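Inspection log for the structure reproduced underneath, given as structure tokens.
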Amino acid sequence: MTATVLVVDDEPQIVRALRINLAARGYKVITAHDGAAALRAVAETRPDVVILDLGLPDMDGNEVIAGLRGWTTVPIIVLSARSDSPDKVHALDAGADDYVTKPFGMDELLARLRAAVRRSTVSTSDDVEAVVKTEAFTVDLAAKKVERDGQEVHLTKTEWGVLELLIRNRGRLVSQKQLLRDVWGPTYENETHYLRVYLAQLRRKLEQQPSRPKHLLTEPGMGYRFEG
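The sequence shown stops at residue 249 when you use my numbering, and every number in between is there.
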């Protein structure tokens, strides 16, 4: 089966070199020259691997990684001229799977790409749709936006973190401890009152009847679940 690779870079010579080398080895190559185009391309084409430059003209590559990790586990290989350790750590913490520094050897990159394709074919069961629609509101996980009645709904960073985690586990119970640990941090695992406050805020902003929610559901004493 032919693997599809999305190359995200604003340097034409690098894009051309990768397109030629990857196509010669049987890969289907898609390209994007900025972050916004990359996010759209992943949502529309569902590539098997993303090769991503960090220095894009419209946003930092780490923002692209964060946008993708909101809804997909597609392997991401960072290809960047930034060689400092903090840059690598930041990209890997954001969700990148591998990091290759420019200038790079094509053989090395191809070997890393083959490994990424193998990981991609093992399981993509954690992926969800980039845009999740309910009868009350729409969530764009890639763009990190929520709309209700045609208007964008402003969410705080914490509100978004709670909503994103619930949607990524659509239909499954997310325990109180997991929500607190993943959104606030491991030292907050017992602060369950935080969840009551933030779920109430999200319901007021998103549910048609906040007192009788249909999408942001509570499992008493256990956790929360997103249905939609």
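Backbone N, C-alpha and C define an ideal beta-carbon position, used for all residues, glycine too. Bear in mind the structure is a predicted one, so any value in this text is a computation, not a measurement.
Where residue i falls: helix, strand or coil (DSSP)
i           : result
residue 99  : strand
residue 232 : coil
residue 154 : strand
residue 26  : strand
residue 174 : coil
Endpoints, alpha helix (DSSP H) assigned at residue i
i           : result
residue 215 : 213 to 227
residue 182 : 178 to 189
residue 112 : 106 to 115
residue 60  : 56 to 66
residue 85  : 82 to 90
Bounding residues of the beta strand (DSSP E) (the contiguous stretch that carries residue i)
i           : result
residue 246 : 244 to 247
residue 317 : Here the chain covers residues 22 to 249 and nothing more, so residue 317 does not appear.
residue 53  : 49 to 53
Exposure label - residue i; buried when at least 16 CB within 10 Å
i           : result
residue 101 : buried
residue 192 : exposed
residue 89  : buried
residue 197 : buried
residue 185 : buried
residue 96  : buried
residue 71  : buried
residue 135 : exposed
residue 115 : buried
residue 63  : buried
Between the CA atoms of residue j and residue i - distance to the nearest angstrom
i           : j           : result
residue 240 : residue 210 : 17 Å
residue 205 : residue 46  : 45 Å
residue 106 : residue 77  : 19 Å
residue 212 : residue 35  : 49 Å
residue 112 : residue 37  : 24 Å
residue 152 : residue 161 : 4 Å
Spatial neighbours of residue i in its chain, beta-carbon cut-off 6 Å, leaving aside the 5 residues before and after
i           : result
residue 122 : 104
Beta-carbon contacts of residue i that lie in its chain and below 7 Å, excluding the five residues immediately before and after
i           : result
residue 219 : 179, 180, 183
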